[in-house]
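Numbering (our numbering), first residue to last: -11 to 543.
One structure is given here, and the rest of the page talks about it.
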C-alpha cells in the first residue's frame, strides 16, 4: 500500500501490470508440467502459436500454484488430510480452466496482442482514477506517508476482533448509501472478514453441520461450492430456475427444491441467494424477496443474501436489500434468520484489500462469527485507510454516482456491440457482467455442445468467457462475460473478435446449408432418373416424327 501511494504521488498515470509475471525459480519439473500443460477440458490447441516459447514457464500472479515436495504424488497425498486432497477447491471446473488458459497466454496490447483477453474476471476497474485522486488529496489517510506517520504506532499495534470502530461505522454508512439510504446498518452487527470468501465460509460454519445443506437458485457463482462446502462439509442443492421467466425464483421452484432435498435425507439449514445476481446481473424485486421470506419463515431455515454487487446497480430500477425488508418488519419476518454478506471488492473495485463483511440480526451468529474472524482478520492498515476514505461523505456520494454512470455506459457499449452481430443478453441492471445467450450457435443443444463452443471461444477467438454449465445452469448455451475489468480499447478488441467469430460462423453455416441442399438435389436427381427414362420411352410413339419407320409400320 505504501509503494502504491508513493507511485501515485510521483506520477498521475496508473502503473500497468507487466505483460508477463515473473518465473518462480527452483520449481519441481513435474509441478511445472502439471500446471502449464493445457487444461484437461481444453484441447491442446489452447496453446497460442503467437505467444512466447517461455509461456510454458510463466506463472500468473493470479495462479493458485503451490510448490509440492519431491516424491511420487500418491506418497505425498498419503501424508495429507482429506481436505487437502479431496479436490473440494473446485479448480478443475471449466470456470477455472478458462483462467488457466488466460494465465498461459495473457493478452497485452503490444507485447501479446493475439493473447487471451480476460473476460472471466468480475472485477471493477472503471473508477480507479477516482480512488487514486482521493489518495493523492488525502495523504494523511495512509501511515506510509509523512503526513500520516504519526498514526503508525496506533495502527501497528494489535486490534481486537471487532475491528476499528471508525472503520465499522464508515462501512455501515457506505452500505446505507449504496442502498439508496433506505436502510440503516448497525455498526455493532458488522463482522469483518478477509474477503467475501471468508465471510461466506464463516456463515456456513455458524449455521450448518457437516452434511447439512443450503438451497441455492441456479445459475450461481461457481466458487460457492468451494466457499460453502470445501472445509465445512456442507452441501449446496439447486433451486432450478428457467430462462422462460428470466431465471426468477418462484414459490413452485422453492417447493420442488425442498422436496428434492428431503429425498436425499439432507437437512436443509437455509437458502443462499445473490442480489444483484452473479452471473445474471439482475436484482430481485420486492415480491420475490417476500416469497423467500415467507418460505424461510415457514420452514424455519436461514436466509443468506450475498449483496457484494449492491453498489454496482446502474439502471433506474432500485436495488432492494433484504435488510430493508427485514428492518421494516414486513411479512412477519423473523429477523434472526436473516444474514447478509457484503464486501468492498466489487463496489469500490478493491479485491486486493480483502475486506469482507457479515451483517446479521442474530446475536449468536454475530458473536460466533466475530470469534471465527480471528482466522481471517482485515489488517489494521487497511481499516485505517479505507475508514478515512469511506468517512468522506462527499467523495462516496460522487464515487457511487460516477461508478453507476460508467458501468451503465460500458454495459450499453458492450451489449450494443453484441446486438449488432445478433447476440442477445439477459436484460440486466447491475453487476460487472452480462449473461450472454449463444444458444443459436450450439451445434448440439447439450452440455457437451456448450463446452465444445466454449473451447472454440477460448482457444481460437481467444476470449476467456465462462460457460453456463460452470454456474450449474441447466440450459446449455448461456455464457457469463465480464466487461468492467478492462479499458475501452480492450473492450473494442474483444468486440471485434466476437464480430469476426460470428461472421465466420455464419459463413460456415451458409456453406453447410448450400452443401446439404446440393446433396439433397443430387440425391433426388439420381432417384428420379430411372422413372424419367421409363416415362420418356413410353411416350416415344406419341412424340415420334411422322417420318419415323415405327410410325409407318403401324399404319
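Here a beta-carbon is modelled for each residue, glycine too, at the ideal position from N, C-alpha and C.
All figures in this text were calculated on a predicted structure; none of them were measured in a lab.
| Asked | Found |
| --- | --- |
| Opposing strand residues paired with residue 452 [DSSP bridges] | 106 |
| Simplified DSSP assignment, three categories, for residue 375 | helix |
| Collapsed DSSP secondary structure at residue 493 in the structure displayed | helix |
| Closest residue to residue 252 among 112, 201 and 460 (Cα-Cα distance) | 201 |
| Of the listed residues 332, 317 and 264, nearest to residue 306 (C-alpha basis) | 264 |
| Residue nearest to residue 118 in terms of C-alpha spacing, selected from 75, 225, 394 and 207 | 394 |
| Cβ-based burial, residue 206 [other Cβ within 10 Å; buried from 16] | buried |
| Three or more C-beta pairs below 8 Å linking the segment 179 to 199 and the segment 360 to 377 | yes |
| Buried or exposed by the 16-neighbour rule on C-beta atoms within 10 Å, applied to residue 83 | buried |
| Spatially closest choice to residue 97 from 210, 396, 475 and 329, by CA coordinates | 475 |
| Per-residue DSSP class, three states only, for residue 544 | The structure shown does not extend to residue 544, since the chain is modelled only from -11 through 543, so no value can be given for it. |
| Identified DSSP bridge partners for residue 347 | 178 and 328 |
| Counted within 10 angstroms of its Cβ, other Cβ atoms place residue 423 as buried (16 or more) or exposed | buried |
| Candidates 217, 152 and 133: closest to residue 74 by CA position | 217 |
| N- and C-terminal bounds of the beta strand (DSSP E) containing residue 422 | 421 to 425 |
| Terminal residues of the beta strand (DSSP E) in which residue 469 lies | 466 to 470 |
| CB-CB length for residue 329 against residue 160, believed under 8 Å | About 15 Å separates the two Cβ atoms, so there is no contact after all. |
| Other residues of its chain near residue 77: CB distance less than 7 Å, five sequence neighbours each side excluded | 214 and 218 |
| Cα-Cα separation between residue 545 and residue 502, rounded to whole angstroms | As shown, the chain starts at -11 and ends at 543. That puts residue 545 outside it, with no answer to give. |
| Whole-Å CB distance - residue 388 paired with residue 129, under 8 Å assumed | About 19 Å; that fails the 8 Å criterion. |
| Backbone CA spacing between residue 127 and residue 392 [nearest angstrom] | 26 Å |
| N-terminal and C-terminal residue of the alpha helix (DSSP H) that residue 444 is part of | 435 to 444 |
| Span of the alpha helix (DSSP H), counted from its first residue to its last, around residue 626 | No information on residue 626 is available, as it lies outside the stretch -11 to 543 that the chain covers here. |
| Classification of residue 441 by the beta-carbon crowding that lies within 10 angstroms, buried from 16 upward | buried |
| The segment 399 to 410 / the segment 439 to 454 touching (three or more Cβ pairs under 8 Å) | no |
| DSSP bridge partner residues for residue 262 (one or two, in chain order) | 294 |
| Whole-angstrom distance between residue 340 and residue 478, CA atom to CA atom | 22 Å |
| Within 8 Å, strictly: CB atoms of residue 146 and residue 375 | no |
| Inter-residue Cα distance where the pair is residue 291 and residue 191 | 11 Å |
| Counted within 10 angstroms of its Cβ, other Cβ atoms place residue 239 as buried (16 or more) or exposed | exposed |
| Whole-angstrom C-beta distance between residue 113 and residue 337, which should lie under 8 Å | 6 Å |
| 8 Å CB neighbourhood of residue 433 in its chain, flanking five on each side removed | 427, 464 and 465 |
| DSSP state of residue 303 mapped onto helix, strand, coil | coil |
| 6 Å CB neighbourhood of residue 233 in its chain, flanking five on each side removed | none |
| For residue 372 and residue 351, the rounded distance between their alpha carbons | 26 Å |
| Residue 46 in three-state terms, based on DSSP | In this predicted model, residue 46 has a pLDDT of only 41, less than 50, meaning its place in the structure is not dependable; the value taken from the coordinates is given anyway. Coil, per DSSP. |
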